[in-house]
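Numbering (my numbering), first residue to last: 18 to 1011.
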């Protein structure tokens, strides 16, 4: 699917200093006025004035005059810019011929006429005519005017646009970078050439699928255009349009819509609707609404775009073909296959006529027809079209273009349906490798939020791969290996990247500067790799510099190389002892080209060599949901029901957590003692170790269960900073407001350069379900912290307890500043989590939901309550210069806890959060992981105060006094409460994460 972009083609000045005869003042004013009207897009008045001036010049000077040539040239430019290409061609040809006769072919006025004539042919789609004219004009300009003259640069710009349109991206890039180099050396920084070339290079990289390189060019151009012309100029509309294109392609739909609508408004205000600018905006708005499943709006804008272009041109052109293709896809998405087929064929025919059969756009039409044939069950036709498209793209775009990977996935679907699973696996393996490389490269260019938007575009493709694996696993068991590798790559990808970046930020500024320099070298190398082998320059030197910088970073930041490198299933397998297994749980939406509502769970189970990973189907999500809704995850009786043997009866066929999630794996786990597993979907909210089998034994009593974010961690262990052998405990906290006590606690803290404020969050309401809108004092936590401090101190571990009003948010944020974070961080307090309401955030000052409830950021909707937190929770601001006492997960994620071995969140629901595709839980657990903590002990539901205190005391005694391994001590503490007769509600809510 393709969108349109606005290219800067320049409005060339009318006169040059070399003109032989001076025009009369009246003629001069008329021509200048026409030129100005053209500049602001007032084509109708410009045309009327130019025609009147031509008639006047004809009467005064005759046809054989330079002034008459100027009038023809102005009329040609007006026709070109307004899309009236036929008359423009005639005017420009006459102007060029007359100037050649009068002034000679080396005169710059003749060169100017050739340039705009060649550009007009490019707009018309007459590329065979455009290329030699522009080539001649550029050669003349360089020879007669010099390689720094503005007409020579304009010629390079026009050539770059031509070759970009022809799909010759390498040639276009080379020409435009040459032009930019000249401009940077010989022109001022605010010259319009900078805006033009940055915009057009951004377009080039966008069309070539190099989205990661687009944005800096577009933004630089945008800034210059705003400074040169203002925000209401038509050229600013074009730049907004191009930014919208980029945001749409990288999944940032809200930003894209805002850019498109602002661009559309500027175009309508300046030019109305009957123009090519409006047609382009309409096409791209249609495409945006297609992506967001607003198909009625999509069809409306596609038809409007086609209608406008047809009225303006009266015949076929490449952009009309693009919009026809998009309209066909909208019909296809709506299930209107016959209408889609007709429009696809129209687009294919138009592209063949205008662009030829070797153009990337022709390949796109073939691939789209293949997709439609696939949906209609015509597998032979689909496969042939996919193969033809693949061949054209590889020849024209190189072997790594995103289109090729998507086309290969479509081929995989087709081959699977046609009963050729071996060929399907080959196609999917190749596509998966390409997409992993594309995403890995993205980490070198995109910010954290941009990377999150970009990775979301890959989710559908992973659903397809996993659906095909499920369908063909009996005949192609090696598909499980492909899925395992994909999960190792995608699961926690953003978390790994955030951890890596946080380590850089927390180290010296020099490490950060080294990373930024490394990123710039990667960008330059990526550009060189797009060139043919013979045209690449300086790649060996760049690769050497990159290797040297990566070694420097590896020395400065432990774990840098490991965090950046990718892992395969064989590496995980090599880390498994003979009695161990690794499990990657999967949650995927069934998708064989058309996604449906069926969501499935499966396990990828890996045993020591020589075994391949095994694909083990588990259940549908609706089966799991029915069980969780019946058993609940909040009330005591319901939670006990999920984890008590025989709940609801143990009749054969009756669903239980064990039967749905674990029994299907029992045979494959035969002989396993240790099981390293990574949950997915709903499994993040379950304690698998507490699930009883058919005999009532907990799984944690049969296996040593190790819960990981990804089994990748077996290969790339946690990078721990130097450890400070001390503990910091928060508990017995006073949540009500005592301004004097809080001020004294604040003053007692070490001097602070700055502490982030949450004043921008407006807590305008309270949650009515929370004890009347306030958090109650937890007496058990005071006892808990006092007891734990005593245990730690008696075993040689210095322990600081922050209690009552000393347990402030400001005190917490001092952790990791100026000294390593504590070895143990224990927080016995209230926690909160609010699911995404699905409602838009409210404007500041409006009543209703509070900001942390209504936020669209899941790391704001999860957090901990510290001293004085009730004041802000009830909608009141913090004391001047102090924190509000509500510590969000987002704030924690910005801290440095890389010296902390264990974080204990002895609070309610601290393990909950929004579950996001491959990233797992967005909440407190993610925050502490990003901050650098190694182990997390947290809760899945509202835990009782007294029993939690008992659990923690037993855990610390067994870990610190009895010297049991951390995980064994935790399991022993849970078993202790169970043996005392406490049902699962009181102890199974806590899980240990690594």
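Cβ atoms here follow ideal geometry from the backbone N, Cα and C, with glycine treated the same way.
*Determine the direct distance from the alpha carbon of residue 280 to that of residue 58, and round the result to whole angstroms.*
Their backbone Cα atoms lie some 15 Å apart in a straight line.
_Neighbourhood of residue 263 by C-beta distance below 7 Å, restricted to the same chain and skipping five residues each side_ = If we look at residue 263 and ignore the five residues flanking it on each side, its Cβ neighbours are 223, 228, 231, 232 and 235.
_With the cut-off set at 7 Å, would you say residue 977 and residue 841 are in Cβ contact?_
In this structure, residue 841 does not lie closer than 7 Å to residue 977 by Cβ.
*Does DSSP put residue 976 in a helix, a strand or coil?*
Here residue 976 sits in helix by DSSP.
*Cross-strand partners of residue 631 (DSSP beta bridge)*: DSSP, once it has assigned bridges, lists 622 as partnering residue 631.
*What whole-angstrom Cβ distance do residue 196 and residue 162 have, given they're in contact under 8 Å?*
Not a contact, Cβ separation roughly 14 Å.
*Could you pull out every residue in the same chain whose Cβ sits closer than 8 Å to the Cβ of residue 495, ignoring the five residues on either side in sequence?*
Within the same chain, Cβ atoms closer than 8 Å to the Cβ of residue 495 are found at 442 and 629, the five residues on either side in sequence being excluded.
*Give me the Cα-Cα distance between residue 189 and residue 221, rounded to the nearest whole angstrom.*
For residue 189 and residue 221, the distance between alpha carbons rounds to 8 Å.
_Quick check: what's the CA-CA separation for residue 372 versus residue 338?_
Using only the alpha carbons, I get a separation of about 11 Å.
*For the beta strand (DSSP E) that residue 1007 lies in, which residues bound it at each end?*
Bounds of the beta strand (DSSP E) holding residue 1007 are 1007-1010.
*Do residue 886 and residue 906 have their C-beta atoms closer together than 7 Å?*
Going by beta carbons, residue 886 and residue 906 fall outside the 7 Å limit.
_Please state the DSSP three-state secondary structure of residue 557._
Note: residue 557 maps to helix in three-state DSSP.
*Under the rule that 16 or more other beta-carbon atoms within 10 Å means buried, what is residue 359, buried or exposed?*
The residue in question, residue 359, is exposed, as its Cβ has fewer than 16 Cβ neighbours within 10 Å.
*For the candidate residues 691, 381 and 87, whose alpha-carbon lies nearest to that of residue 129?*
Closest by alpha carbon: 87.
*Going by CA-CA distance only, name the one from 491, 357 and 282 that's closest to residue 316.*
Of the candidates 491, 357 and 282, the one whose C-alpha sits nearest the C-alpha of residue 316 is 357.
_Whether residue 499 touches residue 446 by CB criterion (7 Å)_ = Inclusion of residue 499 and residue 446 in the CB contact set at 7 Å is warranted, their separation being smaller than that value.
*Which partner residues does residue 821 have in the DSSP bridge list?*
Per DSSP, the beta-bridge partners of residue 821 are 750.
*Taking Cβ positions, are residue 423 and residue 505 nearer each other than 7 Å?*
Not a contact, by the Cβ cut-off of 7 Å.
_Inside the segment 179-252 only - beta strand (DSSP E) runs reaching at least 3 residues_ = Within the segment 179-252, not a single complete beta strand (DSSP E) segment reaches 3 residues in length.
*Buried or exposed: which applies to residue 865, given that a residue is buried once 16 or more other Cβ atoms fall within 10 Å of its Cβ?*
Summary for residue 865: the model assigns pLDDT 36, below 50, so the residue's position carries little reliability; its value from the coordinates is reported in the next sentence. By the Cβ-count criterion, residue 865 is exposed, with fewer than 16 other Cβ atoms from all chains shown falling within 10 Å of its own Cβ.
_According to DSSP, residue 2 sits in a beta bridge with which residue or residues?_
Lying outside 18 to 1011, the shown extent of the chain, residue 2 is not represented and no answer is given.
*What are the boundary residues of the alpha helix (DSSP H) that includes residue 993?*
Following the DSSP letters along the chain, one finds residue 993 inside the alpha helix (DSSP H) bounded by residues 983-996.
*Any idea what DSSP makes of residue 607, helix, strand or coil?*
Residue state, collapsed to three classes: strand.
*State the Cα-Cα distance for the pair residue 38 and residue 84, rounded to the nearest angstrom.*
Confidence is the limiting factor: at residue 38 the pLDDT is only 44, short of 50, which leaves the residue's position unreliable, though a coordinate-based value still follows. Computed Cα separation, rounded: 8 Å.
*Under 7 Å between the Cβ atoms of residue 972 and residue 950?*
The answer is no: Cβ separation not under 7 Å.
*Quick one: what's got a C-beta closer than 8 Å to residue 320's C-beta in the same chain, skipping five residues either side?*
Setting aside the 5 residues that flank it on each side, residue 320 is surrounded in the same chain by 344, each with a C-beta closer than 8 Å to its C-beta; the list follows chain order.
*Just list the alpha helix (DSSP H) runs in the segment 290-342, keeping only unbroken ones of 4 residues or longer that don't cross its boundaries, in chain order.*
For the segment 290-342, whole alpha helix (DSSP H) runs of length 4 or above, ordered along the chain, are 293-308 and 312-330.
*Express the C-alpha separation of residue 350 and residue 106 in angstroms, rounding to a whole number.*
For the pair residue 106 and residue 350, the Cα-to-Cα distance works out to about 40 Å.
*First through last residue of the alpha helix (DSSP H) which encompasses residue 124*: Following the DSSP letters along the chain, one finds residue 124 in no alpha helix (DSSP H), marked with neither H nor E.
*Contacts around residue 318, its chain only, beta-carbon distance under 6 Å, and the 5 residues preceding and following it disregarded*: In the same chain as residue 318, and ignoring 5 residues on each side of it, the C-beta atoms closer than 6 Å to its own belong to 299, 302 and 303, in chain order.
_Simplified DSSP state of residue 490, which is helix, strand or coil_ = DSSP, reduced to helix, strand and coil, places residue 490 outside both helices and strands of the structure shown, so it counts as coil.
*Taking the continuous alpha helix (DSSP H) assigned at residue 74, which residues delimit it?*
Per DSSP, the continuous alpha helix (DSSP H) segment holding residue 74 begins and ends at 60-77.
*Pick out whichever of 122, 112, 154 and 353 has its Cα sitting closest to the Cα of residue 312.*
It is 353.
*asked:* I need the straight-line Cα distance from residue 588 to residue 377, nearest angstrom please.
replied: Answer to the nearest angstrom: the Cα atoms are 39 Å apart.
_Test item: CB-CB of residue 379 and residue 368 under 7 Å_ = It is a contact, given that the beta carbons lie within the stated cut-off.
_Three or more C-beta pairs below 8 Å linking the segment 796-813 and the segment 743-755_ = Because the criterion of three Cβ pairs below 8 Å is met, the segment 796-813 and the segment 743-755 touch.
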